[in-house]
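Everything below concerns the one structure shown next.
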Amino acid sequence: MNRKRKSCTVLILIFLLGRSNGDSVTQTAGLVTLVEGAPVTLNCTYQATYSGSFLCWYVQYLDKAPQLLLKSATENQKTESQGFHATLFKKENSFHLQKPAVQPSDSAVYYCASTVKQVPAGALQNLQISTPGLPQQ
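Under our numbering, the first residue of the sequence shown is numbered 2, with each subsequent residue one higher.
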């Protein structure tokens, strides 16, 4: 029996997010195309001037606003949501997003960002995106 496998596309933001007060975040760049059921790792490394920074992963589905997917400020604590997981490794300055088996519903743009701990919880829920040359929404 010959079964066709559906393809699943995961889009990754190409530019940096989370640059403020000397902090910077670098993540996997470009378009990632995967077969349904394949594992995925989206790399995120950071440089933070404040040791209490939160690292966050946001997801933006087509025609939707970005929404918080995962966040962590705790060393070696695995966080999980919607089948994705990430562990913050402060010694390696990494917070890689992983999913063991992607689905077509995972097709989206994924953003890694940092923010400071001492802000109202609502501030972690909103991601402002500024793209040079494009009109603001």
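Here a beta-carbon is modelled for each residue, glycine too, at the ideal position from N, C-alpha and C.
(request) Could you work out which residue in E93, P101, T34, Y47 is closest to Y112 when comparing CA atoms only? (result) Y47
(message) Strictly under 8 Å for the Cβ-Cβ distance: is V41 near chain B by that measure?
(response) Looking at the structure shown, chain B is missing, and only one protein chain is on hand.
(message) Can you confirm whether the region 83 to 94 touches the region 28 to 36 when touching is taken to mean that 3 or more C-beta pairs between the two stretches lie within less than 8 Å?
(response) no
(request) With a threshold of 16 other CB atoms inside 10 Å of the CB of Q129, please say whether the residue is buried or exposed. (result) Low confidence applies to Q129: its pLDDT is 46, below 50, so where it sits in the model is not reliable, and the reading given next is rough at best. Counting Cβ neighbours within 10 Å, Q129 comes out exposed, since fewer than 16 surround it.
(request) Tell me, please, which residues DSSP counts as bridged to E81. (result) H86
(request) Could you check the C-alpha separation between A66 and V110 for me, to the nearest Å? (result) 11 Å
(request) Please state if the CB of H97 and the CB of L56 are separated by a distance shorter than 8 Å. (result) no
(message) Extract the residue ranges of the beta strand (DSSP E) inside the region 26 to 55, only unbroken runs of 3 or more that lie entirely within it.
(response) 31 to 36, 41 to 43, 45 to 48
(request) Return the bridge partner residues of Y112 from the DSSP annotation. (result) Y59
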